[in-house]
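Only one structure is covered here, and it is reproduced in the block below.
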Amino acid sequence: MKTVKIKKGWQFKITGKPSQRIEERPANTYVASLPEKIPFVKPRLHVQKGDNVKIGSVLFEDKKHSDLKFLSPGSGRISDINYGPRRVIQEVVIALDDNETHEPFNVYSEPVLDEIDRNTLISRLMSGGMWPFIRQLPFRQIADPDFLPNAVWVTLGSADPFQPSAQVYLKDQADFFESGIKAIRRLADTVSICRYDETSDKNDSAANMVTHRILGKYPASDPGVVLYHTKKTASENQDWYIDGQDVIHIGKFLKTGAYPTDRIVSFSDGSSENSFHLKTRMGVRLNDLVSRKTDNQYKRWIVGGVLSGYMSTFDNFLDLYHTSIMIIEESHESELFGFVRPGSKKLSNSRTVLSAASSEPLSINSDMHGEKRPCVNCGYCANICPVDIMPQFTYKSIDADEIEEALAYGLLDCVECGLCSFVCPSKIELSDFLINAKHRYHKELNQIV
Ligand code: SF4
Ligand code: SF4
290 MKTVKIKKGW QFKITGKPSQ RIEERPANTY VASLPEKIPF VKPRLHVQKG
340 DNVKIGSVLF EDKKHSDLKF LSPGSGRISD INYGPRRVIQ EVVIALDDNE
390 THEPFNVYSE PVLDEIDRNT LISRLMSGGM WPFIRQLPFR QIADPDFLPN
440 AVWVTLGSAD PFQPSAQVYL KDQADFFESG IKAIRRLADT VSICRYDETS
490 DKNDSAANMV THRILGKYPA SDPGVVLYHT KKTASENQDW YIDGQDVIHI
540 GKFLKTGAYP TDRIVSFSDG SSENSFHLKT RMGVRLNDLV SRKTDNQYKR
590 WIVGGVLSGY MSTFDNFLDL YHTSIMIIEE SHESELFGFV RPGSKKLSNS
640 RTVLSAASSE PLSINSDMHG EKRPCVNCGY CANICPVDIM PQFTYKSIDA
690 DEIEEALAYG LLDCVECGLC SFVCPSKIEL SDFLINAKHR YHKELNQIV
């Protein structure tokens, strides 16, 4: 087993790390699929309002790859199809039946999985809604089935303590995890199973399969970071990756012949008593995840991680990829003479703030502690970036429309962790800027090809 130690990053110091406790939170009445949250996919709908669907019925496909299907996480009636600006399909909402039914898929025994032909497997995973879980670096789009990667990276555990613990989602799922890995081994010659060491149990079912032990601060466990620090040739830049929980889904799909909809989600409201893991399902309405409903409606919901996730609300649904929910206080009050206060309660990476002297976790709210200003060339963003980009210069190149220069600074190595924005004293949303530029560049490339 190799040990990979990542030096740069940020040690989380936020209250409310989810405990290993699991509570059941089924979906109450509705679930939804969110095409808008699947990067680079142009959906072509297979259903309309009022249609009846089963779990695993096709809701939409990708216009560019019609074999790539996205399936229903619930059985019932399509109650709404919600559109955003420019007719972007945001949500396909399903009103759940009391007795849900499944579409049947093929069941594969272990010996068949050992022998299955790569193209057949890809075709089954694409039609069975499993392929979107396999993603491709550096753009993080759904893996191109016509491409043969050097390796598939499997991620177990996270350096972000607010993401689901591998120990929790692996519990009682060893067989499915092993079957999922067996299938993934048919896709590439190398499968690297990376365990982030501080969150995982060394004796769980995956222990003897791990190939890389990852050490370091956030975002050390990100496959893009691990690849950046281990790759030997540029051809590895397009390797594939998948989260451990999704490997279990693939194993379950192949072994049971049903589209699996269960999800382990980490949940935190900043307190120790209300921060734990939830056993729920894909596409659940966020409000179904909390027991105390009313006051949470007026707070900020963050899906996918406090530094790299997005803002949501209690009546939105869980998207296909994200499995962490955090609720924080909204704060719009400016602190009187905040700039001369010592900042003993202020979460910051700066050593000029008193809280830097303590490792005590701090509670957070939505307050930005200031507004956007010009860059002061402090270098904080470059000092923390885990893949050695100089975000301040990359940002200026993008701003000047010099994409080649931004690429030379390492734009494509950006792992979208959000740390540069977090540490910037000028409140420049560097990571958003870089991510948008990466997306634009990807679209440009695809028009050329
Ligand atoms: S540029 Fe920013 S978002 Fe990208 S990897 Fe570096 S710190 Fe993370
Ligand atoms: S952290 Fe912000 S202010 Fe400092 S160099 Fe980077 S972009 Fe400029």
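For the sequence shown, the residue numbers in our numbering are 290 to 738.
Don't be surprised by glycine CBs; every beta carbon is placed ideally from N, CA and C.
Everything numeric in this text was worked out from a predicted model, so none of it was measured.
- Distances taken from the Cβ of G345 to the heavy atoms of ligand 2 include none shorter than 7 Å.
- In the displayed model, H731 falls within a helix according to three-state DSSP.
- Bridge partners of A321 according to DSSP: V382.
- For S720, the shortest separation between its Cβ and any heavy atom of ligand 1 lies below 7 Å.
- Shortest gap from the CB of I678 to any heavy atom of ligand 2: 7 Å or more.
- Boundaries of the beta strand (DSSP E) around Y485: 479–485.
- With fewer than 16 other CB atoms across the displayed protein chains lying within 10 angstroms of its CB, E399 is exposed.
- Scanning A384, N563, F542, M615 for the CA closest to the CA of Q452 turns up M615.
- By the 16-neighbour rule on beta-carbons within 10 angstroms, T612 is buried.
- For Y458, the secondary structure class from DSSP, reduced to helix, strand or coil, is helix.
- Restricting attention to Y485, H538, D486, K338, the CA atom closest to the CA of M419 is found in H538.
- Nearest to S510 by C-alpha distance, out of I724, K727, K297, R729, is K297.
- For V515, there is no enclosing beta strand (DSSP E); the residue is found in the alpha helix (DSSP H) stretching over 512–519.
- Take the alpha-carbon of I531 and the one of P374: they are about 31 Å apart.
- Shown here, D558 sits in coil according to DSSP, grouped into three states, outside any helix or strand.
- Secondary structure of M290 (DSSP, three-state): coil.
- Between the segment 494–514 and the segment 362–376, the count of Cβ pairs shorter than 8 Å is below three; the stretches do not touch.
- Between R574 and D604, the CB-CB gap stays under 8 Å.
- Close CB contacts of S715 within its chain, under the 7 Å cut and outside five residues either way in sequence, are with K661, R662, P663, C664, V665 (chain order).
- G505 is not a Cβ neighbour of P393, given a cutoff of 8 Å.
- Fewer than three beta-carbon pairs drawn from the segment 586–593 and the segment 341–349 are found closer than 8 Å, and the two stretches are therefore not classed as touching.
- Counting only residues of its own chain and dropping the five nearest sequence neighbours on each side, L334 has a CB closer than 6 Å to the CB of F349.
- Spanning the alpha carbons of I411 and P549 requires a straight line of approximately 17 Å.
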